[in-house]
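See below for the structure under consideration.
Protein chains: 6
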Amino acid sequence: MEHTWIKDIKENDTVSGDYLVTNKTLGQTRQGNAFLTLTLADRTGAIEGRVWDNVEQIASQFKQRDVVTVVGQANTYRNQMQIQIQGLKRNPSPVDTTLFLDSTPQNTGHMLSELKKISHGIENRHLKMLIDSFMADHRFVSQFKKAPAAKYFHHAYLGGLLEHTLSVARIVLQMSQHYPDLDKDLLLAGAVLHDIGKIEELTYDLGIDYSDRGRLLGHIVLSVLMVEEKLKDLKDFPPELATRLKHLILSHHGEFEFGSPKRPKFLEAFALHLIDDLDAKMNGLSKILKDDRQEGSWTAFNHLFQRYFFKGSVTAKADENREGIPAKESDQPYLFPVDL
Amino acid sequence: MEHTWIKDIKENDTVSGDYLVTNKTLGQTRQGNAFLTLTLADRTGAIEGRVWDNVEQIASQFKQRDVVTVVGQANTYRNQMQIQIQGLKRNPSPVDTTLFLDSTPQNTGHMLSELKKISHGIENRHLKMLIDSFMADHRFVSQFKKAPAAKYFHHAYLGGLLEHTLSVARIVLQMSQHYPDLDKDLLLAGAVLHDIGKIEELTYDLGIDYSDRGRLLGHIVLSVLMVEEKLKDLKDFPPELATRLKHLILSHHGEFEFGSPKRPKFLEAFALHLIDDLDAKMNGLSKILKDDRQEGSWTAFNHLFQRYFFKGSVTAKADENREGIPAKESDQPYLFPVDL
Amino acid sequence: MEHTWIKDIKENDTVSGDYLVTNKTLGQTRQGNAFLTLTLADRTGAIEGRVWDNVEQIASQFKQRDVVTVVGQANTYRNQMQIQIQGLKRNPSPVDTTLFLDSTPQNTGHMLSELKKISHGIENRHLKMLIDSFMADHRFVSQFKKAPAAKYFHHAYLGGLLEHTLSVARIVLQMSQHYPDLDKDLLLAGAVLHDIGKIEELTYDLGIDYSDRGRLLGHIVLSVLMVEEKLKDLKDFPPELATRLKHLILSHHGEFEFGSPKRPKFLEAFALHLIDDLDAKMNGLSKILKDDRQEGSWTAFNHLFQRYFFKGSVTAKADENREGIPAKESDQPYLFPVDL
Amino acid sequence: MEHTWIKDIKENDTVSGDYLVTNKTLGQTRQGNAFLTLTLADRTGAIEGRVWDNVEQIASQFKQRDVVTVVGQANTYRNQMQIQIQGLKRNPSPVDTTLFLDSTPQNTGHMLSELKKISHGIENRHLKMLIDSFMADHRFVSQFKKAPAAKYFHHAYLGGLLEHTLSVARIVLQMSQHYPDLDKDLLLAGAVLHDIGKIEELTYDLGIDYSDRGRLLGHIVLSVLMVEEKLKDLKDFPPELATRLKHLILSHHGEFEFGSPKRPKFLEAFALHLIDDLDAKMNGLSKILKDDRQEGSWTAFNHLFQRYFFKGSVTAKADENREGIPAKESDQPYLFPVDL
Amino acid sequence: MEHTWIKDIKENDTVSGDYLVTNKTLGQTRQGNAFLTLTLADRTGAIEGRVWDNVEQIASQFKQRDVVTVVGQANTYRNQMQIQIQGLKRNPSPVDTTLFLDSTPQNTGHMLSELKKISHGIENRHLKMLIDSFMADHRFVSQFKKAPAAKYFHHAYLGGLLEHTLSVARIVLQMSQHYPDLDKDLLLAGAVLHDIGKIEELTYDLGIDYSDRGRLLGHIVLSVLMVEEKLKDLKDFPPELATRLKHLILSHHGEFEFGSPKRPKFLEAFALHLIDDLDAKMNGLSKILKDDRQEGSWTAFNHLFQRYFFKGSVTAKADENREGIPAKESDQPYLFPVDL
Amino acid sequence: MEHTWIKDIKENDTVSGDYLVTNKTLGQTRQGNAFLTLTLADRTGAIEGRVWDNVEQIASQFKQRDVVTVVGQANTYRNQMQIQIQGLKRNPSPVDTTLFLDSTPQNTGHMLSELKKISHGIENRHLKMLIDSFMADHRFVSQFKKAPAAKYFHHAYLGGLLEHTLSVARIVLQMSQHYPDLDKDLLLAGAVLHDIGKIEELTYDLGIDYSDRGRLLGHIVLSVLMVEEKLKDLKDFPPELATRLKHLILSHHGEFEFGSPKRPKFLEAFALHLIDDLDAKMNGLSKILKDDRQEGSWTAFNHLFQRYFFKGSVTAKADENREGIPAKESDQPYLFPVDL
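Protein chains in written order, with numbering that gives the first Met the number 0: chain A, 0 to 339; chain B, 0 to 339; chain C, 0 to 339; chain D, 0 to 339; chain E, 0 to 339; chain F, 0 to 339.
Below, the structure written as structure tokens:
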């Protein structure tokens, strides 16, 4: 059976596919008949579905967070698309997670190969052995290839962590040539390892979320703990080098308010922080601009950056229709909205 | 007639009791018939009610903010519980305010006795006489026993001010022993008096709110004005002692941004601020954790603290269902949500 | 045909007039019939309208942002006023923009005359010639008379820029006498020119919004560019005087966080900033207080100022009905809401 | 005997006059002889003085903070002007405080008369009686005429409080006409009373400093306590009016971080805050510009405003000699000094 | 030979003892003779010393940071006490560090016993075993007994870490009874372990300073790494309990800006943060007040807290002699110094 | 005559060369003899000089800011190197500015060629013509080759602006390939023009300082004004492209608090800001690390970044001798110095 992507559903379409039930509520019409309201999701969006027949029997088969196989018909009700569900059953088979999670557009195998190749360029034997010990750890590598780099913003899809890590490593290579004062080996090792704790900070089976450890300890400290564990087996790793490398990880968010327990204290720590920031912003902003569906030359208001983004080129005509200043701006006790 | 608590109402229940009308709106069906939509509240929650018969006659009997006696039937409409009201009349008798406001779980008489007993331990005769003059003021005492400590967060229920004051006073006793540099008498007097202005800052008859004086002057200044008034009658009260005591009150929020016109300038002022903060947070956080109804190991997002709280123990499995990053976090122009 | 103002529409009224269509959506009843949902706006508000007959034919005649001539009947549906539209056609004639935008309560001709008269009091011949060159520029003057001073808050209506400019200029005259150290000529010239960039920053045909140039460059820099252009033709304008004048414009928001690329560096720059701020706040606050419809002695929560405003006089009784603390307050990690 | 002003002392001058001893230290030359090092001050500055003869006998006559009559000779030692003291005795007579403290350039009697006249224009009889009760309080008036408005910045000289109060009241009169929504009576009363607590917050006998009460309670709360005391005798003063007036005082610093326990909540409170700020800045900045002795077109770096001020007119040539960026600027982790 | 404490040296005293050379500079008189200027320190202060004879021979014997045995004579030169050194030789024997570092006034043996006794009250066997494994680690215990809790402010002396840890643990016991919702075992374990990383963050042989690891990694992360290492040997330690305990350590500074990579997420984490803060402030403030040598009722300006502290009781008279507002205050662009 | 660099002067050296007089003061010995104290500077530092003979005659020959030719002898007085000046005369010939200002280590001709070559790669003919119009402006180019990029931190030497601009342009080329969403032409044009206003913001004859226009208008606005002037001659330059380019310049400091009147609103604006920041920090930090003269593994405290930097490698031993926490840190009211 073909899967109808939720974003593609149009009036009167016949809909079929496997969907994640993210909400399930029993209701009652004014006439006293039971009905079932569901939210069905795949990686392209979410839609409301209604079951009007056999309600109790169908409802008893599955619970929220299950994946169900659905057949139905799309129509509009109160200006919103809805599916009138004609058939529904729980899908007991192993789920194809790619239905529910986006993936990197790039090949993870190729990316890993390139990252390994770049790592082999590290001349310091201690740092090279440390990286090698991670690359030889199959459990680590399989997670590292799969993990996203974030729940929201940048590289927030399967394989995103690897894609981001590789991108940072490539820029590190270029900048190490551009700024010869940089210690290329240390910076590269930091680039490869700076976010590895995300494989434990996040969960990413049918959706991306934080794990309990992730919320309580954070990927920065988790990364350092993972490095520490590998270092246990590398007996002659120079202590100052280990300290410098851990400092790169601990300080890579740059400032306290972004959760860095330490601010950068030497050149490579600054470089890693700035390159990481550049890569995250380039990836995340490109996505905001691509995904935006607002008409006109400006995106919808972006809360993370507290501004509208310019999409330009379309038309320079002002559209008065845009929603008002978001509440957030209002904490400026000045009367002129300054720069949305 | 028994009172049905709003939080306990379930589908098809017969509902009866006295409720506060917090919203009253006349509507008209597409067929042109009048109906009445009400919001009914007691201290456990609020629910929508509908009157379909005798609408004009019933509507003319009462107005918003009245307490009404209701009989009706609960059902679900568009996924929300509603009461179809069959009988409704204004309740003209004196209202039992405990229907509408929570109260401290502790006995206010006992708490007051203990606070008096602790106050009797003050050795400085001036401070003791000052506290005594408050305790001998019946109008003050009756309000002091009844007032809440806040509209929202901590000790936000009848008797909460006394409960909080006593708790702070107890800890003050312990810390005065732990840190012998502290002037126990001054600190105790400050503990007893630091929040007394709340009996004027807040109103607490059928709900907790700010009074006009409260919003315009605030409990910190109101507390000082109340102390000043009592001091008028204590002619030989040492001026510097009076100044120190008033400073304790004026600085007990610790920082300007929390409305303190003065920051703590000596040891007892710091101690009172820190102990007050500890008691408020312990009480408030315990309540957040107890009242939370979110499934899984984390509470719903708490806006006051800008974070989720860990309830732990249940399961470490991630639930992807949690609502997205709240808008507030977005004023951090960094791409990684840092620490929710 | 008479125009029915939207704010005046009452149950069962017959409604007629020209309205701006700010939203247009085709829907379908459960029975499969098409209907049209519109949002109709004039300068007094917006209302929903429904077309049930001849839907396709009517819908094809106009698009969103068009002005349409409407005849219909008002009724209440789900507690909201609605227009059942009986006749609708696109209005092809030039639109009377005053239907859609508020205007200054004052006469723009008189205001411009007074501003010119005040400007003639400038004794420095260079500054006087510069102001004259603007006043002789008909395209500029026609925009300057029409432009609002803001999209939201203060003087946010046609003619608002002129009204605000004149008000600032009047106060400047008074303060120049009060503080003799002030260079009246420079300050007056700054007062007249400080906000002229708003005629390009904003669009104000059927509504007020930002232009693309406005969002990307801002009225502060646009004002300086407009001054620079006029200065090109005033060959012997003293360079330091030009620099001082531009500094007045660049620094008139006072602080970086309000978009000033420079902070005030001499007395006149401070004076202009402070007087501009005073005038904006007096105008804006008066409007908030006048427009507020909240019952009781306090306005609805104002997000721009993060507080309730006191309307006083009515009654000092507390109303518990007020909405809770808005989310924004919650970024204070202290438990007492400090000062709403 | 003529008083030689310290700022006028030049190499080889004979110096005579009454000076305040702000520092007194006994020293010993390498040869073992005692000598006395003093810091002598009058209102124009401070200078070091040395006594080489009769050291013990002279030193025993006076102590630090005494006023002494001195005769001596000025010379330069290590690039600093110094007085070789030939005669010194304690001055036992009542001190002419004008030697040590600057005074307002205006006549305090005239200023008080004008302020009273303006106050008589208050039409509300309660507010008028309140102001009258202060003006009839001789002890209050004599302090109010003498007190400075600050220790440092604005109106920091004897009579400064009255000068500032009158200036604010005058502007209030003008703005009440300019903005007819303002309640002139309330605003005027607030203008007269907003800073009266400064007569207790500061001490101003031989220098301006904070009193203990001033540091611990602050002039904002002290002003409210003084108003409260007078209100005791005005039995029928309307409570809401009293609350509004006290709110004007409590909120006149505008923001929490400037020590306001309340932020302005209605139009007059905003107006008072903004006008007070304007007057303080105009007075203070004029003084900075007048007192500055830096060569070139810029003042010395001003720490209060974190910037240099432009004195202009002199020459546009850059002088490289200026001291470097002060340390304070360095807390901006950006590499470009932004706006000094 | 008796050690003359530097703080006790008076004019003409004969001085003898072992001192740390913190500065050593060779100079030349105008006559061309060499002399040696030293800064000599013990734990009570520092003083300048001069060697005039045998300069080269003596200078060649020792270098900066050595401990030297000195005999000399105190005299005053340019208002500063100085030692004319008559004999000086390097002290080759093991140094008595108590000469150079303050120590806790309490008995470290007794404190450790009490801390162990309190730890034995932990009922959870995992947490108890973890604490035991630290207490059984002799190298750890010897450092833990010796380490200070800070370089500057609170408990900044040998044994300070243990003293602070014990004090926090004692309060934790009391608060666990006061607030029964607290998990006493977890909180106690957190109290004992929260600062252990300071034994590596600081060095404390002849003075307290940060180690390189300390500056680059910080005691918060170092503490977690030390806990992680002990947990390796406790195979069945429940993972969630370990995560909670590590979270207590990671979040105990409370806010990002104080270097916490995580903010408290459950009740015990808040409690530990608040109690730690209370204890640090009580200890540090007591010390500031005790050590202050400023005359009058106020301490010298304290930069850490940006205020003067009130010592009271002495005299309420204002002393105009106090130094001006420190530069730091000046970053408030408001004209009234708010609250020093 | 050879020039003795000030940084190389050692005890007893004979000194000769041309130096800038940055301070000139006449003094008098206790015996009544005149002497002259000078501060002499070249680009490597500054030193004090003394003239004891022919004082009046010599002093009359030159004034502060003149360049003088000096011969003298170095010796140490009170621990500071000093020059006893034996001969001094004003140098009337054109000054060799390289004695007083550092220059870029790179060849400015080569750098300019490379920048032109990179600019030729711009394909958009409008942007290419704009850049060409600057490169064809000889007056502009000669300043652009000479100007520094800052007064203090990064590229603060002659040729620094060109060096920085070229470095940013090179990275832009690389990043345009790495992130294909970037509009290379627009970004390159922005890179070349973003800082051109610095040729007017700064003066750089015998030292680097701000011009009056620079302080009052700033290089950001000056750059836009310079672009605007060139655009006047490029009649068909697309308006939206001009707006985008100006936005790149206006927003390149990234945040309001760094003087940007606009924050970045599209991808290229973000990229330019982040690359500019990276280049400035890499250049500036490398210089801090190279110029630091502090012994041990850490630099002196850096006020711009509010931290010490790690130089590592030397020795991991802690040196207790380091100066205390700088005052700035003290505005954190937390007791633990967090992260120096």
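Even for Gly, the Cβ is constructed at its ideal location relative to N, Cα and C. Given the structure is predicted, the values throughout are model-derived calculations rather than measurements.
Short Cβ contact (9 Å threshold) for residue i with residue j
{"i": "threonine 202 (chain E)", "j": "aspartate 194 (chain E)", "result": "no"}
{"i": "threonine 103 (chain E)", "j": "leucine 157 (chain E)", "result": "yes"}
{"i": "threonine 298 (chain A)", "j": "leucine 205 (chain A)", "result": "no"}
{"i": "asparagine 22 (chain E)", "j": "glutamine 83 (chain E)", "result": "no"}
{"i": "histidine 246 (chain A)", "j": "leucine 215 (chain E)", "result": "yes"}
{"i": "arginine 243 (chain B)", "j": "phenylalanine 269 (chain B)", "result": "no"}
{"i": "tyrosine 76 (chain A)", "j": "glutamine 27 (chain C)", "result": "yes"}
{"i": "aspartate 275 (chain D)", "j": "histidine 302 (chain D)", "result": "no"}
{"i": "aspartate 12 (chain F)", "j": "glutamine 72 (chain F)", "result": "yes"}
Min CB distance residue i to chain C below 9 Å
{"i": "leucine 215 (chain B)", "result": "yes"}
{"i": "proline 93 (chain F)", "result": "no"}
is_contact[residue i, chain E] using C-beta, thresh 9 Å
{"i": "threonine 242 (chain A)", "result": "yes"}
For residue i, the nearest candidate out of the options (CA to CA)
{"i": "alanine 241 (chain E)", "options": "E:Gln72, E:Leu185, E:Pro263, E:His163", "result": "E:Leu185"}
{"i": "phenylalanine 255 (chain A)", "options": "F:Ile8, F:Gln305, F:Asp275, F:Ser259", "result": "F:Gln305"}
CB contact below 9 Å: residue i versus chain A
{"i": "threonine 75 (chain B)", "result": "yes"}
Cβ neighbour criterion (16 or more within 10 Å) applied to residue i
{"i": "alanine 148 (chain A)", "result": "buried"}
{"i": "proline 263 (chain F)", "result": "buried"}
{"i": "alanine 317 (chain D)", "result": "Residue confidence is low: alanine 317 (chain D) scores 35 on pLDDT, short of 50, so the model does not pin down where it sits. Its coordinate-derived value is still stated next. So alanine 317 (chain D) counts as buried."}
Interface flag, residue i vs chain F, CB-CB below 9 Å
{"i": "proline 147 (chain C)", "result": "no"}
Any chain D beta carbon closer than 9 Å to residue i
{"i": "arginine 212 (chain B)", "result": "yes"}
**OP:** With 9 Å as the C-beta to C-beta threshold (strictly closer), list the residues of the segment 158 to 180 of chain C near chain D in chain order.
**Re:** Cβ proximity to chain D below 9 Å picks out Ser166, Arg169, Ile170, Gln173, Met174, His177, Tyr178, Asp180 from the segment 158 to 180 of chain C.
Subject >> chain F contacts from the segment 224 to 240 of chain C (Cβ-Cβ distance under 9 Å) >> reply: Those would be Leu224, Glu227, Glu228, Lys231, Pro238, Glu239, in chain order.
Original post:
In chain order, what residues of the segment 14 to 28 of chain A put their CB closer than 7 Å to some CB of chain B?
Top reply: The segment 14 to 28 of chain A vs chain B, Cβ under 7 Å: Thr21, Thr24, Gly26, Gln27.
**OP:** With 9 Å as the C-beta to C-beta threshold (strictly closer), list the residues of the segment 105 to 124 of chain C near chain D in chain order.
**Re:** So the list is empty, because no residue satisfies the distance condition.
**OP:** Anything in the segment 243 to 254 of chain D with a Cβ closer than 8 Å to a Cβ of chain B? List those residues in chain order, please.
**Re:** Within the segment 243 to 254 of chain D, those residues whose Cβ lies closer than 8 Å to any Cβ of chain B are, in chain order, Arg243, Lys245, His246, Leu249.
**OP:** Compile a chain-ordered list of the residues in the segment 195 to 209 of chain D whose CB is closer than 9 Å to at least one CB of chain B.
**Re:** Considering only beta carbons, no part of the segment 195 to 209 of chain D lies closer than 9 Å to chain B.
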